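Okay, so here's the structure we're looking at.
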Amino acid sequence: MKLNKRNVLFISFMLFSMFFGAGNLIFPPFLGQNAGTQTLPALLGFLSTGVVLPVLGVVVISQADGLNKLTDRVGKTFTTIFTLLIFLSIGPGLAIPRAASVPFEMAVAPYLPEGSNLKLFMLGYSLIFFLLAAWLSLNPNKLVERMGSVLTPILLLLMVVLFAAFLIGGKNQAAPAQGAYANSPFLTGFREGYLTMDTIAALNFGVVIAATLRSYGISSNRSIISYTLKTGALAGGLLAVVYIMLAYMGYGSSGVYPLQDNGAWTLRCIVAQLFGEAGAILLASIFTLACLTTCVGLITSLSEYFSEMYPKLSYKALVIVTTIFSFLVCNQGLNTILSISVPVLEAIYPMCIALILLGLCHRWISRNPYIYPCVIGGVGLVSVLYALETCKVPLGFVSTLLSYLPFYSLSFGWVSVGLVMGLLSLLLMALTRKKA
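If you count by the working numbering, then the sequence shown holds residues -13 to 422, one letter each, in order.
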């Protein structure tokens, strides 16, 4: 059986909407405003981790037939620990609550009457948000219809309206690059792409896409991989276009507005200048739609994964439990959530990247039983130690040793270690064969 072009388009829209959430909205304009005249190299770095790697992640998971089968190549113990960290970070412990708190704190709270009880309003907003997310998630077979053919086109239309208005009437003046963007724009942009969390999410969204394709009658692994690649490429293309628009608005406003705390404030300044007070409705709609669709994608992928892993747990029960827990975490506040996210992402993102790259090369390296444990072990050790350092945990002489790694200060010390461990795995394989 073959999918028609309309279905391929709507599944791509669904995947795009699952990726495009809170971080995807606030980080590109923040990048543009901080990178200023260095926005192009910074954006190329951002697109590497914000578009290319997530699309490749979806494809790798499809080829491996699930996250567990990919991580089992490292070891069973690693699978248990890594998948737990993954699900906590993109699930109810971090990403899902962030998806609800960002639109409220950045696009709703600033427009409430002075003296309003923000905690009470947040409680009401998040309650409605998560009730709607749960309703959409309880029927995964209708995701393409509801998200791909309705919510995503509306979101894209709103984004195009905002960008067109900026091109026509926006103030446009670029400023010199600030901070790390002035010295290493590409690597800084590459690292900022971590914060979208899309590469991590991709390791789970591949399951949702495969399940969606099977619901259309696509059964062979070859066809599933082929359609996953097509829909992933189209979704990635849409993400890239939206990121370029958002980064350009940040770039154009970098010399107009003072440096903001985050990209949401940058967008608020732009929208207020273009549409006045009425722009609050546009901004709130964009934020809420983007974050709602991502929230639904995350709840769905987590619930489907655990219902398959543990058949005694029903899909609907998992949706309800995940939603309730996320609602409780969400009301702890955005700053608390974001303060936790950076070190967690610093620890696990490099391992996600290494897993995807190894998965892409699996055809050629599958005979080497040491390469997955060696590379992921080395990358994981360095990235976890770096994350501990960012949390101000004293590591003594270990910090001194780590500082000698190339690009360690930019959080890329794991790259050289991964390469060395890959070579070590080849040596181990050669020695094993000689003994045999």
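Glycine residues also receive a C-beta, built at the ideal position from the N, C-alpha and C atoms. Note that this is a predicted model, so its numbers are computed, not measured.
The continuous alpha helix (DSSP H) containing Met92 extends over residues 81 to 93. Shown here, Arg200 sits in a helix according to DSSP, grouped into three states. With fewer than 16 neighbouring CB atoms inside 10 Å of its own CB, Gln159 falls in the exposed class. At a Cβ-Cβ threshold of 7 angstroms, Thr252 and Pro15 count as neighbours.
Counting only runs of 3 or more residues that sit fully inside the segment 265 to 307, no beta strand (DSSP E) segment turns up.
In the structure shown, the three-state DSSP call for Asp51 is coil. Each residue's CA atom was taken as its position, placing Ala168 and Val379 some 28 angstroms apart. In terms of Cα proximity to Phe261, the closest of Lys157, Gly404, Met0, Val401 is Lys157.
Contact annotation, Leu284 with Ile76: C-beta distance approximately 6 angstroms; criterion of less than 8 angstroms satisfied. The three-state secondary structure of Phe73, taken from DSSP, is helix.
Bounds of the alpha helix (DSSP H) holding Thr217 are 207 to 239.
Within the same chain, and ignoring the five residues on either side of Leu141 in sequence, the residues whose Cβ sits closer than 8 angstroms to its Cβ are Ser3, Phe6, Ile272, Leu275, Ala276, Thr279. In this structure, Leu343 and Ile351 do not form a Cβ contact; the two beta carbons are roughly 10 angstroms apart against a cut-off of 8 angstroms. Under the three-state reduction of DSSP, Ser411 is assigned to helix. DSSP, read as helix, strand or coil, puts Lys128 in helix. One thing to note: Phe152 has its Cβ within 7 angstroms of the Cβ of Met235. Exposure of Ala150 is indicated by the presence of fewer than 16 other C-beta atoms within 10 angstroms of its C-beta.
Straight across, the Cα-Cα distance linking Met337 with Pro99 is about 45 angstroms.
Judged by beta-carbon spacing, Val305 lies within the 7 angstroms limit of Ala120, meaning their Cβ atoms are closer than that value. Collapsing the DSSP output to three states places Val37 in a helix.
Between Tyr213 and Leu199, the CB-CB gap stays under 7 angstroms. Comparing alpha carbon positions, the residue from Asp58, Ile72, Asn103, Gly192 closest to Met0 is Gly192.
The Cβ atoms of Phe176 and Gly31 sit closer than 7 angstroms to each other. The beta-carbon distance between Ala340 and Val365, rounded to whole angstroms, is 5 angstroms. This is short enough to meet the 8 angstroms contact definition. With a beta-carbon spacing of about 7 angstroms, Gly18 and Ser240 fall inside the 8 angstroms limit used to define contacts. By the C-beta density criterion, Ser300 is exposed, having fewer than 16 other C-beta atoms within 10 angstroms. For the pair Leu269 and Val257, the CB atoms are nearer than the 7 angstroms cut-off.
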